[in-house]
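Worksheet: one structure, shown below.
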Amino acid sequence: MPLRFVFSGGVHPKGNKNTDDFPTTRLDSFSSVEILLQQHVGPPCVCAVKKGDHVHVGQLIGRADHPMAVPIHASVSGEVTDVRFVISATGDPVEAVTITSDGLYTVDPSCVPPVINSREDFLHMIRTSGLVGLGGASFPVHIKLNPPKGKEPDVLLINAAECEPYITSDFRQICERPDEIIDGILAVLQWLSIPNAIIGIEDNKPLGQEVLHHEISKREAASNTHLPISLKSLKTLYPQGAEKMLIYSLTGRKVPPGKLPYDVRVLVMNVGTLRFIGEYLKNGIPLVRKSLTLDGSALNTPGNVNVPIGARIPDVIAAAGGTKEEPSKIIMGGAMMGVSLDRIECGIIKANNAILVFGSKESRIPPESPCIHCGRCVTACPMHLMPTGIDQSARRLDTEGLAAFHVLDCIECGCCTYSCPAKRYLTQSIRNGKTLLRIERARAAEAEKIRASESNQAAGKEDRAV
Amino acid sequence: MLIQMALQIPQSVQNILIPGTVVLAIAALLGILIVIVSHFFQLPVNEKKDAILSALPGANCGGCGFAGCDGYAQFLADGATNTSLCSVGGAACSIELASILGVEAIFTEPKAARLLCQGTTACTQRRYEYLGTLTCNAAHGLLGGPGACTYGCLGYGDCMTVCAFGAISKKDGIIQVDPNECTACGQCVIMCPKDLLQLLPKSADVAVLCKNGWPGAQTKKNCSVGCIGCQKCAKVCPVGAISMTGPLAVVDQNLCIHCGACVPVCPTQSIVLLEKNI
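Just so you know, the sequences run in chain order A and B. First residue of the first sequence? That's 1 in my numbering, and the numbers climb one at a time after it. First residue of the second sequence? That's 1001 in my numbering, and the numbers climb one at a time after it.
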């Protein structure tokens, strides 16, 4: 295997892929769902329903007025019983629609398979389907698929690495729906005129590689043509699925600091996103359901489930088998980069790919101790930064030091914190450092403004004197 | 003759005199060298800037918008005329700077930072137990912090660490600003992740000490002293100095006539008379 299918740095957390041979179960027994009206990066949607309305699956409930926004659809059929404000991930209030389900899941008649004739049609179709990046960042896909002129990507990378511990939902989708994935890839290649695609999948998922390989060769045999899709096996290493790492591992290209993948002519999409495109082309039902992994020591029966978006987490846990001990920490997302929840009643969002329910033993946070200068974090950092230096600069509010250590290039993967034998809260400290540097840059810009306004005034006075 | 005289000097004295003369000659030579070197290599002394710098208080707080007193002095020495930017020195400093520069002094109203939150532990609860780094910035990054009100003061004291004047202290789960010690340098204002500190004129009498954006009913559940947007204060104000920005009342300090009519009508005591011990 060539050396470049890996990047330098990274850590090897215990895989804990306990649920990789548990098929995805569809859960429908939810009495009500709570759907947030902001599930993407960008401004929130405008509520399109009111209390007492009857809605069907796939009906629009959040209108996207801003070009960055992505519409939101009802995930169950039933009656809208409440529209209220809840706490969003940033702490700001965001509207949430509560729908009481009638249990019938009747699909809205407007949901028909889309007819696509041009690139614009395709982008419009992506947007109306309510699709956001399903890898976890929830970036609007219609923006990602529309790069500026002259930066059109020449290769599509499919991120099937799934490097986070515990999560197996993408792997299960590969095993269960390879046809939809390939359909999605071919659609994106066709309408964005990208010549070829590379699927990157970690070598701890041989079954996934086998299934995709079989699907590609089956289609090639049936149509007697060569599909421009290749499959590459990546070394199992965290964070192999981070965008910049994946681009480097698969193509050898480096994304410069502050730039985006299209600056190196690459488009990266998650395998789940492509699977949804393939499915949407067939049945026209917007993004209303999500496959996710349920795992953690507090659960009776871990597994993969497919639930309507907005299903409350306690309902999902109860429907999937319940807990054997009082959960002391619930993490939305993976164990390395996920966020622990402040309230358990919140609904599943589009970007969720795992719910980890930990008992008291796994959620223990060890006390912080002084840095012993071992340099393990420096070895582990996949971005080749010095987490220890950034940490020290951030703690003494040294913004020049932060800038010298390139704090803004950190991708917050958590490798430094994972590898630290002194258990220092490095990632959090680095995140603080980023805020500090932004504050300092704003202050410097303000000083520049004062200077500019003063020189304008002086110039004005001279003019008057003349 | 000199040589004859020198020869007449006893040998013991000669032994000291000759090395002494040599050393003096070297010293004179070096002295001349130093004068020459310093003449050609001297740094240009900006007397105006030095005078300005000595007139400034030397707190290096950054309140003027520049990196420190030196930055502001350079700015003024370069021909700027705005003498009012130093909030630490105040009016006296402005007059002194104006006399150095030979321009008219500009005055701004003395200000002090105020915390727009009264959510002490007695008034509000916490949503979750926070176990990370004990700074406001870090806590704010996790779902807006552990407070029930996501707009309220977190009380870990990021503002306290940057305050160079010791005007900020912690009390009852939130921070407290001493308006007497505060010099309105504004470092705490830019540090607060919740944007809760505001520079209000020292003459201000009333202010809405709340900055939340939740609808009234939710605010009532979050905190007992939060502004619920009932608009009673806006209706009672005789000069229309109170306006609503979303669900929150805001006092326009320029229009306020200090009558205090708004204070007794507030159902949650979120609009208050500011204590003045100046």
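All C-beta atoms, glycine included, are put in the ideal place defined by N, C-alpha and C. Keep in mind the model is a prediction, meaning the values are calculated, not measured.
By how many angstroms is the C-alpha of residue j removed from the C-alpha of residue i?
{"i": "Leu1142/B", "j": "Thr128/A", "result": "31 Å"}
{"i": "Val1023/B", "j": "Ile1032/B", "result": "14 Å"}
{"i": "Lys1221/B", "j": "Ala1249/B", "result": "18 Å"}
{"i": "Ile181/A", "j": "Ser138/A", "result": "19 Å"}
{"i": "Ile1100/B", "j": "Ala404/A", "result": "39 Å"}
{"i": "Gly1062/B", "j": "His56/A", "result": "58 Å"}
{"i": "Ile1168/B", "j": "Ala1148/B", "result": "23 Å"}
{"i": "Leu104/A", "j": "Val49/A", "result": "20 Å"}
{"i": "Thr1124/B", "j": "Ile201/A", "result": "49 Å"}
{"i": "Glu368/A", "j": "Tyr425/A", "result": "7 Å"}
{"i": "Thr1096/B", "j": "Glu446/A", "result": "For the sequence presented, residue 1096/B should be read as Glu rather than Thr. Between Glu1096/B and Glu446/A, the C-alpha separation is close to 25 Å."}
{"i": "Gln1014/B", "j": "Leu1029/B", "result": "23 Å"}
{"i": "Leu1115/B", "j": "Leu402/A", "result": "29 Å"}
{"i": "Ile439/A", "j": "Pro421/A", "result": "31 Å"}
{"i": "Glu164/A", "j": "Asn270/A", "result": "14 Å"}
{"i": "Gly1119/B", "j": "His406/A", "result": "37 Å"}
{"i": "Gly1020/B", "j": "Ile1034/B", "result": "21 Å"}
{"i": "Val1103/B", "j": "Asp1078/B", "result": "14 Å"}
{"i": "Ser75/A", "j": "Met332/A", "result": "20 Å"}
{"i": "Ser469/A", "j": "Thr251/A", "result": "The shown model of chain A, from 1 to 466, leaves out residue 469/A, and the question about it has no answer."}
{"i": "Ala452/A", "j": "Phe1075/B", "result": "11 Å"}
{"i": "Pro1044/B", "j": "Gly1089/B", "result": "28 Å"}
My assumption, with CB atoms under 8 Å, is that residue i sits in contact with residue j. Please give the rounded CB distance.
{"i": "Ala1092/B", "j": "Cys1182/B", "result": "Not confirmed; about 17 Å, so no contact."}
{"i": "Pro382/A", "j": "Ala242/A", "result": "7 Å"}
{"i": "Gln39/A", "j": "Ile72/A", "result": "6 Å"}
{"i": "Ala354/A", "j": "Tyr166/A", "result": "6 Å"}
{"i": "Ile158/A", "j": "Ile185/A", "result": "6 Å"}
{"i": "Ala1098/B", "j": "Thr1083/B", "result": "5 Å"}
{"i": "Ser1087/B", "j": "Cys1230/B", "result": "The Cβ separation is near 35 Å, so there is no contact."}
{"i": "Thr19/A", "j": "Asn304/A", "result": "6 Å"}
{"i": "Ile348/A", "j": "Leu292/A", "result": "7 Å"}
Helix, strand or coil for residue i, going by three-state DSSP, please let me know.
{"i": "Met1160/B", "result": "helix"}
{"i": "Gly1144/B", "result": "coil"}
{"i": "Met269/A", "result": "strand"}
{"i": "Glu446/A", "result": "helix"}
{"i": "Asp295/A", "result": "strand"}
{"i": "His142/A", "result": "helix"}
{"i": "Met383/A", "result": "coil"}
{"i": "Phe276/A", "result": "helix"}
{"i": "Phe358/A", "result": "strand"}
{"i": "Cys1182/B", "result": "coil"}
{"i": "Met1191/B", "result": "helix"}
{"i": "Pro308/A", "result": "strand"}
{"i": "Met245/A", "result": "helix"}
{"i": "Thr90/A", "result": "coil"}
{"i": "Ala1249/B", "result": "strand"}
{"i": "Cys1117/B", "result": "coil"}
{"i": "Tyr166/A", "result": "coil"}
{"i": "Ile26/A", "result": "Checking the displayed sequence, the identity of residue 26/A turns out to be Arg instead of Ile. Note: Arg26/A maps to strand in three-state DSSP."}
{"i": "Thr128/A", "result": "helix"}
{"i": "Lys1170/B", "result": "strand"}
{"i": "Gly62/A", "result": "strand"}
{"i": "Gly10/A", "result": "coil"}
Can you tell me which residues form a DSSP beta bridge with residue i?
{"i": "Ile198/A", "result": "Leu157/A and Ser230/A"}
{"i": "Glu34/A", "result": "Thr98/A"}
{"i": "Thr427/A", "result": "Bridge partners of Thr427/A: none, in fact."}
{"i": "Phe85/A", "result": "Glu95/A"}
{"i": "Glu79/A", "result": "His54/A and Thr100/A"}
{"i": "Lys1111/B", "result": "Pro1201/B"}
{"i": "Thr1124/B", "result": "Cys1223/B"}
{"i": "Gly1155/B", "result": "DSSP lists no partner for Gly1155/B."}
{"i": "Ala1207/B", "result": "Val1272/B"}
{"i": "Gly347/A", "result": "Arg312/A"}
{"i": "Ala74/A", "result": "In DSSP, Ala74/A forms no bridge with anything."}
{"i": "Arg289/A", "result": "Pro308/A"}
{"i": "Lys1232/B", "result": "Paired residue(s): none; Lys1232/B is not in a bridge."}
{"i": "Ser1243/B", "result": "Val1250/B"}
{"i": "Cys47/A", "result": "Gly62/A"}
Cβ of residue i within 7 Å of any heavy atom in the ligand FAD?
{"i": "Leu1030/B", "result": "Summarising the ligand content, the structure contains no ligands, and the ligand FAD is consequently not present."}
* Asked: Going along the chain, which unbroken runs of the alpha helix (DSSP H) with 4 or more residues stay wholly within the segment 1029-1082 of chain B?
  -> 1047-1055 and 1069-1077
* To do: May I have a chain-ordered list of the alpha helix (DSSP H) segments no shorter than 4 residues that lie completely inside the segment 168-192 of chain A?
  => Counting only unbroken stretches of 4 or more residues, the alpha helix (DSSP H) elements lying wholly within the segment 168-192 of chain A are 169-176 and 178-191, in sequence order.
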